[in-house]
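S.K.: Residue numbers (our numbering): 58 to 342. Glycine included, every Cβ here is placed at the ideal spot set by N, Cα and C. First, the structure itself, so that you have it in front of you.
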Ligand code: MN
């Protein structure tokens, strides 16, 4: 028994001491993207998923940090939404207690508020950042000191885990407001599950954050989507998406507010669901 416990402890120790492996897993998220290291964080990578455009006036990027790495103090003139997708990290606003943030947490960082974020001491860390672009780029300040990095902290945990294994569920992560005029949700679908045909009056951006799924627009081929794929669905375009037949899927949806909202149409038939899928390639186009 003691021996068994020791082996377990060793196994855990080994896992914890393989930050590169953890980063590699996160790296898979952005197949085909390039990795300019962000300022002041040599052991971090940033991949752009979406450039602000007419559909969504915000940039979307994935950031991944090795353990014990952090960004400098900074602020975003138009604010920023952070959605933690992997690991454990820290977030702190000036004058506030440092927060420990985990996969599933959502941070609404208001315009001009000085803050920093980075990985925990012992964990790699990834998040999706949604940054409204209309007021210019990030404003950088002084580095985060070791004292600040290790200052007293509290757990954040604003969001519950988005899924129970195999079940379909939706978690609303962010309600739209005037600063961030889009809604963010996470939808987890068990293998074989699918949403009906529908259209979104303001269009929608879909990011696969786990597993694999299908996506199809009316009169178009069905696509196989994999973790890290991003789909920009134009306004009022009929489409459906769902989990793959053998793998569960989690979709992050970013939905710009619109008068018309979402209009639900007919169910996706088994025949439609089983149609041949082509692998979706957005990156590297
Ligand atoms: Mn930030």
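Whole angstroms is fine: what's the gap from residue 338's alpha carbon to residue 192's?
M.R.: Within the chain shown, residue 338 is the residue found at index 281, counting from 1. Within the chain shown, residue 192 is the residue found at index 135, counting from 1. Approximately 31 Å, taken between the alpha carbons.
S.K.: Using the Cα positions of residue 180 and residue 326, report the straight-line distance between them to the nearest angstrom.
M.R.: In the chain shown, counting from the first residue as 1, residue 180 sits at position 123. In the chain shown, counting from the first residue as 1, residue 326 sits at position 269. Roughly 43 Å between the two C-alpha positions.
S.K.: Smallest Cα separation from residue 129: which of 206, 263 and 114?
M.R.: Stepping through the chain shown from its first residue, residue 129 is reached at position 72. Minimum Cα distance to residue 129 is reached at 206.
S.K.: Could you tell me if residue 336 is buried or exposed, where buried requires 16 or more neighbouring beta carbons within 10 angstroms of its beta carbon?
M.R.: The sequence position of residue 336 within the chain shown is 279, counting from 1. Exposed is the call here.
S.K.: Is the beta carbon of residue 157 sitting closer than 8 Å to the one on residue 145?
M.R.: Residue mapping note: residue 157 aligns to position 100 of the chain shown, counting from 1. Residue mapping note: residue 145 aligns to position 88 of the chain shown, counting from 1. Against a cut-off of 8 Å, the Cβ pair of residue 145 and residue 157 comes out as a contact.
S.K.: Compute the beta-carbon to beta-carbon distance between residue 127 and residue 162, rounded to the nearest angstrom, for a pair I have assumed lies under 8 Å.
M.R.: For the purposes of this step, residue 127 is taken as the residue at position 70 of the chain shown. For the purposes of this step, residue 162 is taken as the residue at position 105 of the chain shown. Wrong, their Cβ atoms sit about 17 Å apart, outside the cutoff.
S.K.: In the structure shown, what three-state DSSP assignment does residue 327 receive?
M.R.: Position 270 of the chain shown, counting from 1, holds the residue named residue 327. Here residue 327 sits in helix by DSSP.
S.K.: Throw me the rounded Cβ distance for the residue 293 and residue 265 pair, which I believe falls under 8 Å.
M.R.: Here residue 293 refers to the residue found at position 236 of the chain shown. Here residue 265 refers to the residue found at position 208 of the chain shown. Incorrect: roughly 23 Å between the Cβ atoms, too far for contact.
S.K.: Hey, which unbroken runs of the alpha helix (DSSP H) at 4 residues or more fall wholly within the segment 255-279?
M.R.: The qualifying runs do not exist here; there are none.
S.K.: Among 321, 149 and 331, which has the Cα closest to the Cα of residue 257?
M.R.: Numbered from its first residue, the chain shown carries residue 257 at position 200. Cα-wise, what sits closest to residue 257 is 321.
S.K.: Since residue 305 contacts residue 284 with CB under 8 Å, what's their CB separation in whole angstroms?
M.R.: Along the chain shown, one-based indexing puts residue 305 at 248. Along the chain shown, one-based indexing puts residue 284 at 227. Actually they are not in contact, since the Cβ atoms of residue 305 and residue 284 sit about 11 Å apart, beyond 8 Å.
S.K.: At which residues does the alpha helix (DSSP H) containing residue 204 begin and terminate?
M.R.: Translated into the one-based positions of the chain shown, residue 204 becomes position 147. Per DSSP, residue 204 belongs to the alpha helix (DSSP H) from 203-206.
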